[in-house]
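Peer 1: Structure in structure tokens, see below.
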Amino acid sequence: MLRFDIITIFPEFFREAIDCGIVRRARNAGLVEIIAHDLRQWTTDKHHVVDDRPFGGGDGMVLKPEPIFAGVEALTGAARREDLPPNTRVVLLSAQGEVFAQALAKDLSQSDSRIVLLCGRYEGVDERVADALVTDEVSIGDYVLSGGEPAAMVIIDAVVRLLPGALGSETSAVNESFSEGLLDYPQYTRPPDFRGMRVPETLLSGNHAEIARWRKEAALEKTRRKRPDLLNR
Ligand code: ADE
2 MLRFDIITIF PEFFREAIDC GIVRRARNAG LVEIIAHDLR QWTTDKHHVV DDRPFGGGDG
62 MVLKPEPIFA GVEALTGAAR REDLPPNTRV VLLSAQGEVF AQALAKDLSQ SDSRIVLLCG
122 RYEGVDERVA DALVTDEVSI GDYVLSGGEP AAMVIIDAVV RLLPGALGSE TSAVNESFSE
182 GLLDYPQYTR PPDFRGMRVP ETLLSGNHAE IARWRKEAAL EKTRRKRPDL LNR
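The sequence shown begins at 2 in the working numbering and counts up one residue at a time.
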């Protein structure tokens, strides 16, 4: 079974987020286990301090290395990247990481993986975490969040829905945006004429070969118009 362990100072952030929709169903079906751990449990001081001022000065606070290393060691048995058990990834969410995309979601969705998600906070995380502990540093886009928690939830959602059996039908994740490097084709439902806006005739024709051809062309056209960068990859 795929397992996510989230290390965060806001475990409550995930309580309802992992209890909705596809993610909830996948958990109930035993396809994935998701546990949010409070980073503060791995502090050793009376006040459970997880951050400190940066050496060299400057604004803001930096997450200390000790509780993070202790947490990863408690969860995986390893306190360095090279000692991690097979199929174990330690993912640091940060604005400096590789930009998350469908290919990484697919890679992470291999069953029996153990994925530790480290949520950064404040002005940063002590660099020794990225240097010695992390297997993947991941950003969800070129903007700055106040913490890695929303990013961790994005990754969980994108990965869980790829697990076999997570979606209603096995094919649901095959014919969708990015699965073929293209955006999805446009979808319509009833009514065929809504306020004068008509559904393309081909889709009403019942001719499946024609419909398949129309969809392929429409997906290409939409990609060309909205995301030409995808066609150049
Ligand atoms: N933490 C702060 N900004 C982030 C981003 N864009 N992606 C992931 N984690 C972050």
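Positions of the beta carbon are idealized from the N, C-alpha and C atoms, including for glycine.
Within a Cβ cutoff of 8 angstroms, which residues of the same chain sit near I212, ignoring the five residues on either side of it in sequence?
Peer 2: Stepping through the sequence shown from its first residue, residue 212 is reached at position 211. Excluding residues within five positions, the ones whose Cβ falls inside 8 angstroms are T203, L204, S206.
Peer 1: Could you pull the DSSP bridge partners for S140 from this structure?
Peer 2: To locate residue 140, count along the sequence shown from 1; it is residue 139. V100.
Peer 1: When you measure from the CB of L146 to every non-hydrogen atom of the ligand ADE, does any distance come out below 7 angstroms?
Peer 2: Position 145 of the sequence shown holds residue 146. Flag set: Cβ of L146 near the ligand ADE.
Peer 1: Find out if the Cβ-Cβ distance for the pair E74, E99 is shorter than 8 angstroms.
Peer 2: On the sequence shown, residue 74 is found 73 positions in, with the first residue counted as 1. On the sequence shown, residue 99 is found 98 positions in, with the first residue counted as 1. Not in contact: E74 and E99 (Cβ atoms no closer than 8 angstroms).
Peer 1: According to DSSP, simplified to helix, strand and coil, what is T89?
Peer 2: Taking the first residue of the sequence shown as position 1, residue 89 is located at position 88. Strand, per DSSP.
Peer 1: Considering just the uninterrupted stretch of the beta strand (DSSP E) at H48, what are its terminal residues?
Peer 2: Residue numbering aside, residue 48 sits at position 47 when the sequence shown is read from its first letter. Where H48 is concerned, there is no enclosing beta strand (DSSP E), given that its DSSP letter is neither H nor E.
Peer 1: If you draw a straight line from the alpha carbon of P86 to that of T77, how long is it in whole angstroms?
Peer 2: Locating residue 86 in the sequence shown gives position 85, counting from the first residue. Locating residue 77 in the sequence shown gives position 76, counting from the first residue. Each residue's Cα considered, the two are about 7 angstroms apart.
Peer 1: Counting only runs of 4+ residues fully inside the segment 149–233, write out the alpha helix (DSSP H) ranges in chain order.
Peer 2: List check, alpha helix (DSSP H) in window: 150–161, 202–205, 209–227, 229–232.
Peer 1: Do you know whose CA, among G57, L134, L105, F56, lies nearest E83's CA?
Peer 2: Walking along the sequence shown from the start, residue 83 turns up at place 82. Minimum Cα distance to E83 is reached at L134.
Peer 1: Tell me which same chain residues have a C-beta within less than 6 angstroms of the C-beta of K223, skipping the five on either side of it?
Peer 2: Here residue 223 refers to the residue found at position 222 of the sequence shown. Closer than 6 angstroms at the Cβ level, and outside the excluded window around K223, lie L184.
Peer 1: Note down, in chain order, each residue of its chain lying with its Cβ closer than 8 angstroms to the Cβ of K227, except the 5 sequence neighbours on either side.
Peer 2: The sequence position of residue 227 within the sequence shown is 226, counting from 1. Contacts found: L184.
Peer 1: Would you identify the three-state DSSP class for P79, choosing helix, strand or coil?
Peer 2: The residue given as residue 79 occupies position 78 in the sequence shown. Here residue 79 is Ala; the residue named in the question, Pro, does not match the sequence. Three-state DSSP puts A79 in coil, outside helix and strand.
Peer 1: Is P192 buried or exposed, if buried means 16 or more other CB atoms sit within 10 Å of its CB?
Peer 2: If you number the sequence shown from 1, residue 192 lands on position 191. Its Cβ having fewer than 16 others within 10 Å, P192 is exposed.
Peer 1: Using a Cβ-based criterion (distance less than 7 angstroms to any ligand heavy atom), does I141 qualify as near the ligand ADE?
Peer 2: Your numbering for residue 141 matches position 140 in the sequence shown. Under cutoff, so the answer is yes.
Peer 1: Check each candidate in F15, P229, V145, P165 and name the one with the smallest Cα separation from L118.
Peer 2: On the sequence shown, position 117 is the one that residue 118 refers to. Closest option to L118, Cα to Cα, is F15.
Peer 1: Whose C-beta lies closer than 8 angstroms to the C-beta of R225 among residues of the same chain, with five residues either side of it excluded?
Peer 2: The count along the sequence shown starts at 1 and reaches residue 225 at position 224. Cβ neighbours of R225 beyond the five flanking positions: L232.
Peer 1: Quick one: grab the DSSP three-state call for E34.
Peer 2: Along the sequence shown, one-based indexing puts residue 34 at 33. Looking at E34 - three-state DSSP - the assignment turns out to be strand.
Peer 1: Which class does V135 belong to by DSSP, given the choice of helix, strand or coil?
Peer 2: To locate residue 135, count along the sequence shown from 1; it is residue 134. Three-state DSSP puts V135 in coil, outside helix and strand.
Peer 1: Would you call the CB atoms of A30 and G169 closer than 8 angstroms?
Peer 2: Within the sequence shown, numbered from 1, the residue matching residue 30 stands at position 29. Within the sequence shown, numbered from 1, the residue matching residue 169 stands at position 168. No, Cβ-Cβ distance for A30 and G169 is not below 8 angstroms.
Peer 1: What separation, rounded to the nearest whole angstrom, lies between the Cα atoms of R266 and S180?
Peer 2: Outside the shown range of the chain, which is 2 to 234, sits residue 266, and nothing can be said about it.
Peer 1: Could you tell me the boundaries of the beta strand (DSSP E) in which R115 lies?
Peer 2: Walking along the sequence shown from the start, residue 115 turns up at place 114. Its beta strand (DSSP E) spans residues 115–120.
Peer 1: For the alpha helix (DSSP H) containing R28, list its first residue and its last residue.
Peer 2: As a position in the sequence shown, residue 28 is number 27, starting the count at 1. Segment 22–29, the alpha helix (DSSP H) holding R28.
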